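**Q**
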Amino acid sequence: MASRPVWKGQLRLSLVAIPIELHSARESGSKTSFRQIHKPSGKSVSYQKVVAGLGPIDTAEIVKGFQTAKNEYVLIEPQEVEEIRLETRKTLEMVQFVEQGEISPLYYDAPYYVVPADELAQDAYRVVRDALRQTGKVGLGQLAMRGREYLCAIRPCGDGLLLETLRYEDEIRKAEPLFSQIEDDPADRSLLDVATQLIEAKTALFDASAFEDHYARALKELVARKVRSKKAPRAKPGEEAPEVDTDAKGNVVDLMAALKKSLEKDKKGGRKPSSTRKKAS
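Take the position in the sequence shown, starting the count at 1, then add 1009; the result is the number in my numbering.
#1: In angstroms, rounded to a whole number, what distance separates the CA positions of isoleucine 1163 and glycine 1148?
#2: Can you tell me the Cα-Cα spacing of methionine 1154 and proline 1014, whole angstroms?
#3: Anyone know if the C-beta pair for serine 1012 and tyrosine 1121 falls short of 8 Å?
#4: With alanine 1196 as the anchor, note down where its alpha helix (DSSP H) starts and where it stops.
#5: Could you tell me which of Leu1101, Ser1050, Lys1276, Leu1187 sits nearest to proline 1242, measuring between CA atoms?
#6: Which stretch, first to last residue, makes up the beta strand (DSSP E) that contains tyrosine 1159?
#7: Can you tell me whether glutamine 1190 is buried or exposed? The criterion is at least 16 other CB atoms within 10 Å of its CB, across all chains shown.
#8: Under DSSP, the beta strand (DSSP E) around phenylalanine 1220 begins and ends at which residues?
#9: Tell me the DSSP secondary structure of serine 1033 in three-state form.
#10: By DSSP, does lysine 1190 sit in helix, in strand, or in coil?
#11: Classify lysine 1274 as buried or exposed, calling it buried when 16 or more other Cβ atoms lie within 10 Å of its own Cβ.
#12: Say whether the region 1043 to 1061 touches the region 1106 to 1116, bearing in mind that this needs 3 or more beta-carbon pairs closer than 8 Å, one atom from each stretch.
#13: Per DSSP, glutamine 1143 forms a beta bridge with which residues?
#14: Do alanine 1133 and valine 1025 have their beta-carbon atoms positioned less than 8 Å apart in this structure?
#15: Just to confirm before moving on: does the CB-CB distance between isoleucine 1294 and valine 1124 stay below 8 Å?
#16: Apart from the five residues just before and just after proline 1165, which ones in its own chain have a Cβ nearer than 6 Å to its Cβ?
#17: Name the residue from Tyr1117, Ser1037, Thr1041, Arg1135 whose alpha carbon lies nearest to the alpha carbon of leucine 1022.
#18: To the nearest angstrom, report how far apart asparagine 1080 and glycine 1074 are at their CA atoms.
#19: Tell me whether glycine 1018 is buried or exposed, calling it buried when 16 or more other Cβ atoms sit within 10 Å of its Cβ.
#20: Identify every residue that forms a DSSP beta bridge with tyrosine 1082.
#21: By how many angstroms is the C-alpha of lysine 1099 removed from the C-alpha of threonine 1255?
#22: Going by DSSP in three states, glutamate 1173 sits in which element: helix, strand or coil?
#23: Measuring CB to CB, does glutamate 1086 end up less than 8 Å from valine 1072?
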């Protein structure tokens, strides 16, 4: 099945705008998924919106509620949320650059492949990719999708670019309360020597293909056995609704002129990141 973009917009480096698409780097099809089935009837289980004392309700009557006190909520209409216009809905601007090893692994969340939207975008795309590769830097920016704004890191990945969403600082739990009970005394020297030798003996280049999800394999084998068995119960819950696709457009400005103009602009006084959040460290 062809990959479908999860976001379409522009990757911007100062005055250079490159139409791009984001594709999830995760292979969801490799996992075994299940639907909940009502065994007596063989029908799939659906979830209704219900209110205590009223029963099922119309989804058009639902609004968002933010709790301000015990049993008290301020109500916000869905359209009020939709009216929040962020430039990052369609534009991912790299506003800062850091060394590749500067970002702690704690901050990394989900990976996405960054792909040029068309052939015209490839020249500018390759320039940004090679510039990041040559400088050894990671570009930082923000983009809005799926109801929230993400902090993002962009780095070269093979022939292309990889975007990784990052957790904000206030999303990271402090380790000290958990590690504070560990004694500060160094490990026993003889035991440390043995452990070090074991680590050295098992050291090799990283190869993800050498590892397998044994639980996922066993689950697939279970499903295969049930499918082959004529005695296994069956159910026909009904057909699924088709998915809806979306589209977006972008444009590329003259690359060389934009790069030179951007460089002149930065020399006169470069712009600092506009985000009010603290930068990742």
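Each residue gets a CB set at the ideal place from its N, CA and C atoms; glycine is no exception. These figures come from a predicted structure and were not determined experimentally.
**A** This is what the structure holds:
#1: 5 Å
#2: 12 Å
#3: no
#4: According to the DSSP assignment, alanine 1196 belongs to no alpha helix (DSSP H), since it is labelled neither H nor E.
#5: Ser1050
#6: 1157 to 1166
#7: Label assigned to glutamine 1190: exposed.
#8: Looking at the DSSP string, phenylalanine 1220 is not in any beta strand (DSSP E), and its letter there is neither H nor E.
#9: strand
#10: It should be noted that the sequence gives glutamine, not lysine, for residue 1190. Reduced to three states, the DSSP call for glutamine 1190 is coil.
#11: Around the CB of lysine 1274, fewer than 16 other CB atoms lie within 10 Å, so the residue is classed as exposed.
#12: no
#13: None; glutamine 1143 has no bridge partner.
#14: yes
#15: Since the first residue shown for the chain is 1010 and the last is 1290, residue 1294 is missing from the structure and cannot be characterised.
#16: Arg1138, Leu1141, Arg1142
#17: Arg1135
#18: 11 Å
#19: buried
#20: Gln1076
#21: Because the pLDDT of threonine 1255 is 38, which lies under 50, any placement of that residue in the model is unreliable, and the number read from its coordinates should be weighed accordingly. Distance between the alpha carbons of threonine 1255 and lysine 1099 is about 13 Å.
#22: strand
#23: Going by beta carbons, glutamate 1086 and valine 1072 fall inside the 8 Å limit.
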